[in-house]
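K.L.:
One structure, pasted below without further comment.
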Amino acid sequence: MSGPSQPIFRFAPSPNGYLHIGHAFSALFTHHWADALGGVMLLRIEDIDTARCRPEFVDALLEDLAWLGLSWPEPVRRQSEHFDDYARAAKTLREQGLLYPCFCSRAEIRAAAGESTDPEGAPLYPGTCRGLGPTGRAERLASGAPVQWRLDMERAIAAAGPLLIRETQPDPSAPLTVRPADPARWGDVVIVRKDTPASYHLSVVVDDALQGITHVTRGMDLHASTDIHVLLQALLGLPSPVYCHHELVLDEAREKLAKSKGSESLRALRAAGWTAVRVRKELGF
Ligand code: GLU
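Converting from the sequence shown to our numbering requires adding 343 to each position, the first position being numbered 1.
Have a look at this one:
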């Protein structure tokens with residue numbers, strides 16, 4: 344049972360491939376610090392992308408994490424079972440006049456963005472559909488054209504007021520520091536995708552709040568996304584956890600590991616004779 348002041352951490356993988364050593368580091372880091380601070384680590388399955396996420400990857404990750412010696416309270420939250428929660432949050436933003444429908448294709452966005460990129464290097468959306476008047480919007484919506492909903496970043500920032508990120512570096516036992524967030528650099532981010540009625544940014548802040556997460560520990564690759572997360576928390580009236588972004592495990596070419604690159608999976612290491620003890624030792628746990 345978690346008490347009112349017990350720290351609550353989470354490990355939140357997306358089941359779109361097998362876990363690799365980078366995931367193992369993140370899960371072990373989170374579990375270690377949850378334990379060290381007298382807290383608990385929840386597991387959350389981030390499977391809103393129903394086209395790429397597969398049930399066999401969920402089974403595999405549960406098995407891999409248990410093999411590593413990790414445990415977590417049940418039930419495990421699966422985002423694909425909670426689209427209503429994300430729809431409710433999107434509605435709140437829409438009612439504040441902060442979302443607008445966007446009908447642009449990827450190619451159109453790329454062409455319109457030119458050289459401008461967001462912090463992840465993706466084309467920066469220049470706000471093409473923001474200028475569609477009420478009639479234009481209504482007509483496009485009525486036509487059944489594929490639509491995604493974007494945050495009007497300028498308005499959102501004005502509505503939210505000053506935004507602060509509370510974080511601890513390099514680990515959750517370090518002193519708390521506070522810095523301003525800079526979500527403007529992301530432009531009008533997608534809040535409700537075309538292919539699924541949510542987005543990573545929306546579902547992650549809704550779930551962190553619903554699950555009472557006090558500490559978000561995750562890789563540096565998500566450091567810049569925190570700007571968007573604290574903005575959405577402010578707009579939705581949700582508490583903001585303490586953030587701690589750890590260094591990434593790199594491959595031999597000193598590049599980020601990725602499921603899409605076929606980086607060596609934990610199960611491949613296991614098949615090659617690695618024990619969980621060896622994996623933990625290699626990763627410093
Ligand atoms: N589901 C995300 C991933 O697998 C992690 C989300 C998070 O920790 O905020 O990369």
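Where a beta carbon is used, it is the ideal one built from N, C-alpha and C, also for glycine.
#1: Rounded to a whole number of angstroms, what is the C-alpha to C-alpha distance between residue 344 and residue 351?
#2: Hey, does residue 575 have any beta-carbon neighbour from chain C nearer than 9 angstroms?
#3: Nearest-angstrom Cα distance between residue 375 and residue 408?
#4: Using the Cα positions of residue 488 and residue 446, report the straight-line distance between them to the nearest angstrom.
#5: In whole angstroms, what separates the C-alpha of residue 385 from that of residue 522?
#6: When you compare only the Cα positions, how much space is there between residue 625 and residue 619?
#7: Can you determine whether any heavy atom of ligand 1 sits closer than 8 angstroms to the C-beta of residue 591, and answer yes or no?
#8: Based on the DSSP secondary-structure assignment, which residues constitute the bridge partners of residue 599?
#9: At a cut of 8 angstroms, does the segment 552-567 reach the segment 497-504 through at least three beta carbon pairs?
#10: I'd like to confirm something about residue 543: is its beta-carbon nearer than 8 angstroms to some heavy atom of ligand 1, or not?
#11: When you compare only the Cα positions, how much space is there between residue 511 and residue 584?
#12: Could you check whether residue 559 and residue 421 sit closer than 9 angstroms to each other, using their CB atoms as the reference points?
#13: Rounded to a whole number of angstroms, what is the C-alpha to C-alpha distance between residue 364 and residue 611?
#14: Considering only heavy atoms of ligand 1, list every residue whose Cβ is less than 6 angstroms from one of them, following chain order.
#15: If you draw a straight line from the C-alpha of residue 590 to the C-alpha of residue 463, how long is it?
#16: DSSP on residue 489, reduced to helix/strand/coil?
#17: With respect to the beta strand (DSSP E) encompassing residue 523, which residues constitute its N-terminal and C-terminal limits?
#18: Taking the alpha carbon of residue 426 as the point to measure from, which residue in 534, 617, 441 has its own alpha carbon closest?
P.N.:
The answer reads as follows:
#1: By 1-based counting over the sequence shown, the position of residue 344 is 1. By 1-based counting over the sequence shown, the position of residue 351 is 8. Because residue 344 sits at a pLDDT of 49, beneath the cut-off of 50, its placement in the model cannot be relied upon, and the following sentence gives the value as read from the coordinates. Between residue 344 and residue 351, the C-alpha separation is close to 11 angstroms.
#2: Here chain C cannot be found, since the structure has a single protein chain.
#3: Mapped onto the sequence shown, residue 375 falls at position 32. Mapped onto the sequence shown, residue 408 falls at position 65. Using only the alpha carbons, I get a separation of about 13 angstroms.
#4: As a position in the sequence shown, residue 488 is number 145, starting the count at 1. As a position in the sequence shown, residue 446 is number 103, starting the count at 1. Whole-angstrom Cα-Cα distance: 7 angstroms.
#5: As a first step, residue 385 must be located in the sequence shown, where it is residue number 42. As a first step, residue 522 must be located in the sequence shown, where it is residue number 179. Straight across, the Cα-Cα distance linking residue 385 with residue 522 is about 27 angstroms.
#6: In the sequence shown, counting from the first residue as 1, residue 625 sits at position 282. In the sequence shown, counting from the first residue as 1, residue 619 sits at position 276. The straight-line gap from Cα to Cα measures roughly 10 angstroms.
#7: Working through the sequence shown from its first residue, we reach residue 591 at position 248. No, ligand 1 has no heavy atom inside 8 angstroms of this Cβ.
#8: Translated into the one-based positions of the sequence shown, residue 599 becomes position 256. DSSP lists 593 as partners of residue 599.
#9: no
#10: Looking up residue 543 in the sequence shown gives position 200. Yes, Cβ of residue 543 sits closer than 8 angstroms to a heavy atom of ligand 1.
#11: Start at 1 with the first residue of the sequence shown, and residue 511 comes out as number 168. Start at 1 with the first residue of the sequence shown, and residue 584 comes out as number 241. If I take the Cα positions, the gap works out to 11 angstroms.
#12: Here residue 421 refers to the residue found at position 78 of the sequence shown. Here residue 559 refers to the residue found at position 216 of the sequence shown. Their beta carbons are not under 9 angstroms apart, which means residue 421 does not touch residue 559 by this criterion.
#13: Working through the sequence shown from its first residue, we reach residue 364 at position 21. Working through the sequence shown from its first residue, we reach residue 611 at position 268. Taking the straight line from one Cα to the other gives about 10 angstroms.
#14: Those residues, listed in chain order, are 355, 356, 357, 389, 547, 561, 565.
#15: Position 247 of the sequence shown, counted from the start, is the residue given in the question as residue 590. Position 120 of the sequence shown, counted from the start, is the residue given in the question as residue 463. Those two C-alpha atoms are separated by around 16 angstroms.
#16: For the purposes of this step, residue 489 is taken as residue 146 along the sequence shown, with counting starting at 1. In the structure shown, residue 489 sits in coil (DSSP, three-state: anything other than H, G, I, E or B).
#17: Within the sequence shown, numbered from 1, the residue matching residue 523 stands at position 180. Element bounds for residue 523: 520-523.
#18: By 1-based counting over the sequence shown, the position of residue 426 is 83. The candidate whose alpha carbon is nearest that of residue 426 is 534.
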